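Structure, as structure tokens:
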Amino acid sequence: MGHLDHATFGWLTPALSYAMAVIGSALGLSCTVRALDTSGRSRRNWLIAAASALGTGIWTMHFVAMLGFGVTGTDIRYNVPLTLLSLLGAMVVVGCGVFAVGYSRDRTRALLVGGFGTGLGVASMHYLGMAALRLHGTIHYDPLRVALSVAIAVVAATAALWAALNIKSPRAVALASLVMGAAVSSMHYTGMMAVGVRVTASDVDLPGASTMQFIFPLAVGLGSYLFLTSAFVALSPTARERAAYVSAGRSAEPAEVDAMAPARSVQRGRDPHTRRDSRGQDPSPAATP
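Per the working numbering, the very first residue in the sequence shown carries number 1125; after that it's consecutive.
Given below as structure tokens:
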């Protein structure tokens, strides 16, 4: 049995992976909240943004955490096509759950079905990413811990969708994102605790890409995407803010009309204070002798 180290860089990779999970969750929840306040093409675009943010955040969390994963006695490589497939699968499955909540008339049913399907998708992403590992030896799993990790993923996904439906304020979204990030990270490390490796001595070069050759640049790129999306969401007004702007604009119109009244009076040749015309004559009728 090879010795597994889940934090070869200390607390750096767990902390960074948790941060990625929180950012992805916050973006996904914020985009979903905005989607539910709109309709038509705008709702669809916000839901696509929510799915990409959640899927990207979960995938980035997984592989940032995997940067700290090591096995004594063997190198580790990653199959590139399978790794990319795990990213695509994460976004597609999360998108299905988000769209189910965004368009379904029966919110409760959509929440349960969407949460269950999304949780299974998140777990599938994790284990598909693990299937992309290449090392000298064989990998086996503890079925009980695998089942526990899947259950955590389903609960976390359902909680995230529930939060998107019921949470509106920025503080509540931030708190829900912290909880969601903790749940996703717990799912990952529970799944990793289910892993066992039987190392086989070999001098053959492993196929695939190393973490620094492929995973690190991709994780940095997706992390940059999350930060840019954060800036976009932060600068985009919510439906409540847009309504406040419209209301403020309407309330300002009467004041503008009152301010223009003296100018219109002067243009007609009258002084609004003395009621005299521009020739200085009193417009009132002359007294009869």
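Here a beta-carbon is modelled for each residue, glycine too, at the ideal position from N, C-alpha and C. What you are looking at is a predicted structure, and each value in this text was computed from that prediction instead of being measured.
query                                                                                                                                                                    : result
Quick test of your reading: residue 1130 and residue 1313, contact by CB under 8 Å. State the CB separation rounded to the nearest angstrom.                             : 7 Å
If you follow the alpha helix (DSSP H) that residue 1157 is in, where does it begin and where does it stop?                                                              : 1136 to 1160
Tell whether a beta-carbon distance below 7 Å holds between residue 1185 and residue 1149.                                                                               : no
State buried or exposed for residue 1135, treating a residue as buried only when at least 16 other CB atoms are found within 10 Å of its CB.                             : exposed
How far does the beta strand (DSSP E) with residue 1263 in it reach, from first residue to last?                                                                         : 1261 to 1265
In angstroms, rounded to a whole number, what distance separates the CA positions of residue 1323 and residue 1261?                                                      : 4 Å
Using alpha carbons as the reference points, say which of 1321, 1143 and 1340 lies closest to residue 1195.                                                              : 1321
List the endpoints of the continuous beta strand (DSSP E) containing residue 1321.                                                                                       : 1319 to 1323
Can at least three beta-carbon pairs, one atom from the region 1171 to 1180 and one from the region 1206 to 1220, be found at a separation below 8 Å?                    : yes
Tell me which same chain residues have a C-beta within less than 6 Å of the C-beta of residue 1343, skipping the five on either side of it?                              : 1184, 1187 and 1188
Suppose the cutoff is 6 Å on Cβ atoms and the five residues either side in sequence are ignored; what does the same chain contact list for residue 1282 look like?       : 1239
Mind checking who residue 1257 pairs with in its DSSP beta bridge?                                                                                                       : 1202
Is it buried or exposed, residue 1157, if we count other Cβ atoms within 10 angstroms and call 16 or more buried?                                                        : buried
Check whether the region 1289 to 1303 and the region 1257 to 1271 are in contact - that is, three or more C-beta pairs closer than 8 Å.                                  : no
Measuring alpha carbon to alpha carbon, tell me which residue in 1197, 1233, 1137 and 1330 is nearest residue 1190.                                                      : 1137
Can you say whether residue 1352 is buried or exposed, counting buried as having 16 or more other CB atoms within 10 angstroms of its CB?                                : exposed
Verify whether the separation of the beta carbon atoms of residue 1265 and residue 1318 is less than 7 Å.                                                                : yes
Return the first residue and the last residue of the alpha helix (DSSP H) that residue 1109 is part of.                                                                  : For the chain, the structure presents residues 1125 to 1413; residue 1109 sits outside this window and is missing.
So, for residue 1291: in the same chain, excluding its five sequence neighbours on each side, which residues have a beta-carbon less than 8 Å away from its beta-carbon? : 1153, 1157, 1297 and 1300
Using the DSSP secondary-structure output, state which residues sit across from residue 1128 in a beta bridge.                                                           : 1195
Let me see if you follow: with CB-CB separation under 7 Å, is residue 1325 close to chain B or not?                                                                      : No chain B is part of this structure, which consists of one protein chain only.
Which partner residues of residue 1333 appear in the DSSP bridge assignment?                                                                                             : 1202
Let me make sure I understand the geometry here. Which of 1226, 1193 and 1181 has the alpha-carbon closest to that of residue 1169?                                      : 1226
Just confirm the distance between the C-beta atoms of residue 1311 and residue 1273, as a whole number of angstroms; I'd bet it's less than 8 Å.                         : 5 Å
With contact counted as at least three CB pairs below 8 Å, one residue from each stretch, are the region 1195 to 1205 and the region 1326 to 1341 in contact?            : yes
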